[in-house]
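Visitor: Residue numbers (the working numbering): 2 to 284.
The beta-carbon is built from N, C-alpha and C at its ideal position, and this holds for glycine as well.
Every value quoted in this text rests on a predicted model; they were computed, and no experiment measured them.
Structure below; questions to follow.
So this is what it looks like as structure tokens:
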């Protein structure tokens, strides 16, 4: 049974309903809905949304994720970048998170589509801050360079879990070292870029392993870290090993800041995109 600090009320509010209606009308996917994010009301009513590019079918099958797995066979909505920019303009969003399913069926993993979307957003308003939460693109330098040149202010790749649990939790095509490599590549090629990663707890990791992951991320200059409770989206995904008390998340936040992260968000319901724009207000 979930503890009381995990319970979330059903989403409502004017901004929430506006974004829901608009995204459905333009046939856009939001990771907020696809991944059943517990913060959907807070973020949407606060004017922040995370759009999921390149469809709702992922070519990988991570065992914590609710997004469906399959082969999209190269199908891509070429109008999607324009439609997302239109939605952002109508909703007057100031901070936008773009993420996507993995598209191993595309030659560049979808990096050029990602980049086009950023360009379309900047075209309507160059003041909008864009965070790109990307797949690993198989660590292909060309695809990673495409993202570096896209104009996104934040480039994120989620670690998801500690090294020992990676094979159990993530798809076999993904990897702990591969994610570190992607984040290090960005920082090495462009030191001014803000890099970010996220970690779930409650999957059976130890405190020492969490701290080790923090150290690995800091060693390659990652700026922002988010930590949240893993919640089982359905019976098809991995079960929760333990529910972590909110006070422990406060400890993790303090430890992360002491280790040198420029910003840490930690809490039971924190997800990688949670209050994503706060770093820029804070700094």
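Would you say residue 136 faces chain B, with C-beta separation under 8 Å as the test?
Guide: In the displayed structure, chain B is absent; only one protein chain is listed.
Visitor: Can you tell which of 236, 163, 151, 234 has the C-alpha that lies nearest to the C-alpha of residue 176?
Guide: 163
Visitor: Consult DSSP for residue 53 and reduce its assignment to one of helix, strand or coil.
Guide: strand
Visitor: Can you have a look at residue 111 and say buried or exposed, based on whether 16 or more other CB atoms are within 10 angstroms of its CB?
Guide: buried
Visitor: Rounded to whole angstroms, what is the Cα-Cα separation between residue 201 and residue 74?
Guide: 31 Å
Visitor: Report, in whole angstroms, the separation of the C-beta atoms of residue 198 and residue 158, which I expect to be a contact under 8 Å.
Guide: 6 Å
Visitor: Buried or exposed: which applies to residue 114, given that a residue is buried once 16 or more other Cβ atoms fall within 10 Å of its Cβ?
Guide: buried
Visitor: What's the gap between the Cα of residue 91 and the Cα of residue 188?
Guide: 33 Å
Visitor: Could you tell me the alpha carbon to alpha carbon distance between residue 213 and residue 93, rounded to whole angstroms?
Guide: 40 Å
Visitor: If the criterion is Cβ atoms closer than 8 Å, does the pair residue 223 and residue 184 meet it?
Guide: yes
Visitor: Nearest by alpha-carbon distance to residue 85: which of 125, 170, 7, 195 is it?
Guide: The residue among 125, 170, 7, 195 with its C-alpha nearest the C-alpha of residue 85 is 125.
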